[in-house]
Amino acid sequence: MHSNSLCVVLECDALQSFSTARQEQQTGGHHSVLIGVGWCSSIMLKSLFVCGILGVLLIPAKCELISVCVEEDNDLRVDCLVKPKASKLNSYEFSWSSGSKESLINTNVSGSSAEPQFNGKSYVVGLEPHGYRMTLSGFTDTLPRNTTYMCRISGVVATVEVEKDRLLPCSAVSMFLKSSCSWIASLLLFIYITHS
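So for the sequence shown, the numbering used here puts the first residue at 25; every next one is plus one.
In structure tokens, the structure reads:
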């Protein structure tokens, strides 16, 4: 949920509370009006508080378009969540680089081919609702200390640099904690519930 959408929801709640207070002013007493206005002010203050926190949190946060992890059988998995452009053919390329040399691992682009050492070592499957997953065997133990992983879908490129010692297992918990989208969404839900 985006911060703007959440702010609109909270502001609508505040306006609705204010409208209720106005109705009580016409049908009830002065005491109920004060209660209604006080409640409205409280909701509006909470709205400002939540929106302020979300604004600070969401500025640096973004969903990762590419992630790298290690399967239980020690295969390397690269997920590329780039959304392809509707006007282009749905093509993919997976590569990595260490230093200045880039090596193509797997591709379905016509006229391109993976480097010989990767032949028969990798395969790619489609992901829902979009994206591709590449699995590579036999290279996890010999990875350099720092590797930049790249994927290109329909011309759109995503990259991530991962240290060998910081490769996470491909468990649901590990990938959930690694995903900035996941913890941001959880935090937004927590703040919304506790301040609504």
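Every residue gets a Cβ at the ideal spot worked out from N, C-alpha and C, and that includes glycine.
How about residue i and residue j: do their beta carbons lie closer than 8 Å?
i: Glu-117; j: Leu-100; result: no
i: Leu-167; j: Lys-145; result: no
Within the same chain, show all residues whose beta-carbon is closer than 6 Å to that of residue i, passing over the 5 residues directly before and after it, in chain order.
i: Arg-157; result: Asp-103, Val-149 and Leu-151
i: Met-174; result: Ser-119 and Thr-183
i: Lys-107; result: His-154
i: Glu-126; result: Ser-119
i: Ser-122; result: Pro-168 and Thr-171
i: Ser-161; result: Asp-99 and Lys-145
i: Phe-142; result: Ile-129
Return the residue from the list the options that minimises the CA-CA distance to residue i.
i: Val-181; options: Leu-105, Ser-195 and Arg-169; result: Leu-105
i: Gly-179; options: Val-94, Ser-91, Glu-88 and Asn-114; result: Asn-114
i: Tyr-147; options: Ser-121, Ser-124, Asn-98 and Thr-131; result: Thr-131
Please work out which residues of its chain come closer than 7 Å, Cβ to Cβ, to residue i, disregarding the five sequence neighbours upstream and downstream, and give them in chain order.
i: Arg-169; result: Glu-187 and Lys-188
i: Val-133; result: Ser-115 and Glu-117
Can you tell me the Cα-Cα spacing of residue i and residue j, whole angstroms?
i: Glu-185; j: Thr-171; result: 6 Å
i: Asp-97; j: Lys-109; result: 34 Å
Given residue i, which residues of its chain have a CB within under 8 Å of its CB, disregarding the five upstream and five downstream residues?
i: Val-94; result: Leu-100, Arg-101, Thr-164, Leu-191, Leu-192, Pro-193 and Cys-194
i: Glu-139; result: Ser-127, Leu-128 and Ile-129
i: Ile-90; result: Val-102, Asp-103, Cys-104, Leu-105, Val-106, Tyr-173, Met-174, Cys-175, Ala-182, Thr-183 and Val-184
i: Lys-112; result: Ser-178 and Gly-179
i: Ser-137; result: Leu-128 and Thr-131
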